[in-house]
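Presented below is the structure to which this report refers.
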Amino acid sequence: MKEELRRLCKALRLGYVMDHYASQPFESREQFLLAVLRAEKEQRELAKVRRLLKKARFHQIKTLENYTFESITFPPSLTQHALCSLEFVHKRQNILMLGGVGTGKTHLATALGVAACREGYNVRFFRVADLVAQLQQRHHTGTLARFKKDMERCDLLILDELGFVPFHQDGAELLFHLIADCYERNSIIVTSNLEFGQWTRVFGDSRLTAALVDRLVHHAHILAFTGESYRLRHALSGPENAWQG
């Protein structure tokens, strides 16, 4: 009977019933069936989140729990609650995080991406220099169209550390076209240690930079990160790093 049950679950694509039915209490047929189906649904949802997190390719898993927002200046158009509830993803708006190195931009961007995965959104995370290198490689190997099609299915694209490495002209143009394709179709989070006026140093072309900023800023909320580096402050607070006088 157990083997027949296993075959039926496989035929009906009930992948988790066999793992959980024996642990469910039995009070009535209806209660037992409901408990088994609830367990199946819960495990499917957990498996989906695991797939989305893996597909997003976060460098580290960060959460919003205990994140401090005190060093962030919010625009009038956005509240902390609205940000954390992911309204901007639903509305296909962008979030631009600008500020010094180590002030928590990557942590917040990652945590929002993780929260989006847990809500069932399709997320991709890239360091910008890595993304540009990948775009160039795919362009040369003829697989760029397939990559762009995958990006079309993305609800939230996170571009981290824009400004650390300048691009060659072809790389800048490929990144511009990818962002242009996302315009009003996907939400984008960008983290950068540069003000907009300095982005030309990265892209190397003032007209391209202006067109890129124009698309990113439209339907966007800009968060300003101030204060000293969190990592430096955290390192110096440890007893092993105390100043020796």
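When we follow the working numbering, the leftmost residue of the sequence shown carries the number 78, and every step to the right adds one.
All C-beta atoms in this analysis are idealised placements derived from N, C-alpha and C, irrespective of residue type, glycine included.
Values in this document were obtained by computation on a predicted structure and should not be read as measured data.
Following the continuous beta strand (DSSP E) through residue i, name the residue where it begins and the one where it ends.
i	result
L233	233 to 239
H298	297 to 302
Would you kindly work out how many angstroms separate the C-alpha atoms of residue i and residue j, rounded to a whole number?
i	j	result
E142	C161	11 Å
G219	I235	24 Å
C86	T140	35 Å
G190	R201	8 Å
T180	R134	22 Å
T187	K79	44 Å
N263	L91	33 Å
L285	T268	19 Å
A112	K125	20 Å
L110	F273	58 Å
What is the DSSP secondary structure of residue i, counted as helix, strand or coil?
i	result
R204	strand
M174	strand
V267	strand
T156	coil
T180	coil
T150	strand
R134	coil
M228	helix
K118	helix
L91	coil
L221	helix
L141	coil
Between which two residues does the alpha helix (DSSP H) containing residue i stretch?
i	result
F103	No alpha helix (DSSP H) holds F103; DSSP gives it neither H nor E.
I256	246 to 259
V279	277 to 280
K79	79 to 88
T145	No alpha helix (DSSP H) contains T145, which DSSP labels as neither H nor E.
V242	Element bounds for V242: n/a, residue is neither H nor E.
T286	283 to 294
F165	164 to 167
Assign residue i to one of two classes, buried (16 or more other C-beta atoms within 10 Å of its C-beta) or exposed (fewer than that).
i	result
V294	exposed
S100	exposed
L252	buried
S283	exposed
M174	buried
I138	exposed
A287	exposed
If I measure Cβ to Cβ from residue i and keep anything under 6 Å in the same chain, skipping five residues before and after, which residues do I get?
i	result
V242	A206
L129	C194
L239	V205, V267, S269
R215	L221, F224
Starting from the C-beta of residue i, find all residues in its chain whose C-beta is less than 8 Å away, skip the five residues before and the five after it, and write them out in chain order.
i	result
R292	I256, A257, Y260
L212	L221, F224, G248, L251, L252, L255
I want to see whether chain B comes within less than 7 Å of residue i, judged by CB atoms only; does it?
i	result
K225	Here there is only one protein chain, and chain B is not present.
For residue i, which residues of its own chain have a beta-carbon under 7 Å away from its beta-carbon, when the five flanking residues on both sides are left out?
i	result
Q170	S264, H296, A297, H298
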